[in-house]
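Here is the structure we will look at.
Protein chains: 2
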Amino acid sequence: MNVILHEAVRQELEQRVESGNYKSGTMLPSTAALAREFGVSAITIKRVLRDLQTSGVLRSVAGLGTFVRERRRFVRNLDFSLNSLDDANRLGIPARVEPISISREYILDPQLAEFAAAPKDKPMICIRKAIIAQAEKIMHDTTYVSIDLDDETIDEFSRRLVMEVLAERGLEFTSSRIMIDAAPGPPEVCQVFSLPRGYPVLRRLYKLTTASEDQFVAGMAQSPFDRLACTTEIDLAHRADACLRQR
Amino acid sequence: MNVILHEAVRQELEQRVESGNYKSGTMLPSTAALAREFGVSAITIKRVLRDLQTSGVLRSVAGLGTFVRERRRFVRNLDFSLNSLDDANRLGIPARVEPISISREYILDPQLAEFAAAPKDKPMICIRKAIIAQAEKIMHDTTYVSIDLDDETIDEFSRRLVMEVLAERGLEFTSSRIMIDAAPGPPEVCQVFSLPRGYPVLRRLYKLTTASEDQFVAGMAQSPFDRLACTTEIDLAHRADACLRQR
DNA sequence: GAGTGGTCTAGACCACCCT
DNA sequence: GGGTGGTCTAGACCACTCC
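Note that the protein sequences, when read in sequence, are chains G and P. Counting in our numbering, the first sequence tops out at residue 247, every number present. Counting in our numbering, the second sequence tops out at residue 494, every number present.
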């Protein structure tokens, strides 16, 4: 037993969720009831519940209650790129896009800006959207495009995947450089997923290469940690030398 | 300006860190001083400071003060596997291993257990260690090995990388299946890195394949989100079909 | 001993949801 | 109206670090 009160309560609640005592999706007793049960103050309970929200165990709705968060995670193979929503649907996973915004701006995220080495001479087309699979939001995507396009094409971005639309317009993508990291969810993303600030998020920064040097397509896909994971395979028999560098 | 007090204070403090007003590594004013400055209660300030710790912006040491967290991140290319500490040293990055524990146990983490499909007939050798690069802990690794080995070999695990030791003993690894995801840092990991619970962590689950079916080597590497990122490249010209599946 | 952050408490008000 | 979580406050005690 831990000496720290909120830690002890936390472990007990986590255990109840894990053991199925509190079942997935169901409502927990109210903070007042828990405070009585554990013999601690209501504010200590509130702190624990808040901590368990940022760990993805619980989910609270003001005025409604606190619930056990449902886990449903998708796994995406990095080697195969998902290029169209039709592909997903063909695989039996109903997927669609929910547009958030289309605007002209520069890359805000400093990590993405450095990774993609974006042109700084003029603002790019910035498409933000949420990707939904099986009625569940699983991804928040921000794509930056610096190519002259007609309004009709830009309009199409809000209904389908950017790569899909551009490929139809004749753009040939040769390769994609990817950086995968984790991060505390930024405000925009947490809002879309109804998550508390700082919720761990899996990010995939990507920079596409086309035949032409001046066609710039890059972006960042962000998913709550319990909604998406990535897989890949490495051939060790013909491996190259080590590669670890700073920054 | 936001109506929520702690959110407004948070944004102001974040801005001061970003603008360099509070410089990296330096100490912030005390909670009492900040409470006076913002005209809010001390407990509100404490909440904000705690939130900014889980977002990786600040770092507090009880009895010492609150500091701006220094960011130093390594980037690891997935296609090239880092097989020995000598490799890293040759690249000009002084790296070493700090053993945490060697024991015999079953895989605890449910996600890793499912991913690796571990044999359940007997407990495996479990090696836990921290990997340090440039005097900074950047990785927490847990490796499970189910191979009969002499004590001398097992002893060697605490000084060098598991793959390195096994390769010298004649094991030939053909490929590595990898799953990358994010997660709130578990207690063991947060303790090693002196991080608050729930700090976003980048995880890499790996399962190695050897010539023999019954040689089981798998594990999980976890890094604080601001210490490590992974890169890779995808060939889009010869891409296979889409691959997105649930769980 | 003085200063720091970490923990815990009691009590209050608000916005929200459901009936 | 009665229940819920979210916010904010004042005040207290402790463990820790540094001088």
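Using N, Cα and C, we set each Cβ at its ideal position, and we do this for glycine too.
One thing to note: S60(G) has its Cβ within 8 Å of the Cβ of T66(G). Taking the Cβ atoms as the reference, A430(P) lies roughly 12 Å from R444(P), outside the contact range of under 8 Å. Counting along the chain, the unbroken alpha helix (DSSP H) around P357(P) starts and ends at 357-363.
Under the Cβ criterion of 8 Å, A182(G) is counted among the residues facing chain P. For D151(G), the uninterrupted alpha helix (DSSP H) segment begins and ends at 151-156. The DSSP assignment places 31-38, 42-54 as complete runs of the alpha helix (DSSP H) inside the stretch 17-62 of chain G, in order along the chain (cut-off: 4 residues). Against chain G, a Cβ distance below 8 Å from E480(P) picks out S175, S176, R177, I178. Every beta strand (DSSP E) stretch that sits fully inside the stretch 380-454 of chain P and reaches 3 residues is listed by chain position as 383-393, 420-431. With distances taken between CA atoms, L205(G) lies nearest to M139(G) out of Q11(G), S19(G), Q215(G), M139(G). Contact between the stretch 405-416 of chain P and the stretch 356-368 of chain P is absent: fewer than 3 CB-CB pairs across the two stretches fall below 8 Å. Listed along chain P, the residues sitting closer than 8 Å to A229(G) by beta-carbon distance are M426, I427, D428. Within the DSSP bridge table, the entry for I340(P) names no partner. Under the three-state reduction of DSSP output, D368(P) falls in the coil class, being neither helix nor strand.
T209(G) places its beta carbon less than 8 Å from that of F173(G). Between the stretch 390-406 of chain P and the stretch 459-469 of chain P there are three or more C-beta pairs closer than 8 Å, enough to call the two in contact. Membership of L228(G) in the beta strand (DSSP E) is indicated by the continuous run 228-235. Among the residues facing chain G, S302(P) is included, as its CB has a counterpart in that chain under 8 Å away.
The secondary-structure analysis by DSSP pairs R257(P) with nothing; it has no beta-bridge partner.
The criterion of a C-beta distance shorter than 8 Å is not satisfied by L359(P) and C477(P). In this structure, the alpha-carbon of R283(P) lies about 29 Å from that of L5(G).
Contacts between A237(G) and chain P, judged by CB atoms closer than 9 Å, involve E419, F420, T421, S422 in chain order. Counting C-beta atoms within 10 angstroms of its own C-beta, L108(G) has fewer than 16 neighbours from the protein chains shown and is therefore classed as exposed.
Of all residues in the stretch 430-448 of chain P, only A430, P431, R444, G445, P447, V448 place a beta-carbon less than 8 Å from a beta-carbon of chain G. Leaving aside the five residues that flank L228(G) on each side, the residues in its chain whose CB is nearer than 7 Å to its CB run, in chain order, R73, F74, R76, I138, M139, L202. At least one beta carbon of chain G lies nearer than 8 Å to the beta carbon of D326(P). Shown in chain order are the members of the stretch 42-69 of chain G whose Cβ falls below 8 Å from a Cβ of chain P: D51, T54, S55, G56.
Spanning the alpha carbons of A130(G) and G219(G) requires a straight line of approximately 13 Å. Approximately 4 Å separates the beta-carbon atoms of I100(G) and R128(G); this is inside 8 Å, confirming the contact.
Under DSSP, V217(G) shares a beta bridge with V145(G), L208(G). In terms of Cα proximity to Y446(P), the closest of M426(P), Q469(P), K454(P) is Q469(P). Annotation: F216(G) has no Cβ neighbours in chain P at a cutoff of 7 Å; minimum Cβ distance is about 16 Å. Closer than 8 Å to the CB of F225(G) there is at least one CB belonging to chain P. Pairing S19(G) with I180(G), the inter-Cα distance amounts to about 33 Å.
Annotation: the continuous beta strand (DSSP E) that includes V315(P) extends over 312-315. Under the DSSP assignment, R76(G) falls in the beta strand (DSSP E) whose first and last residues are 74-77.
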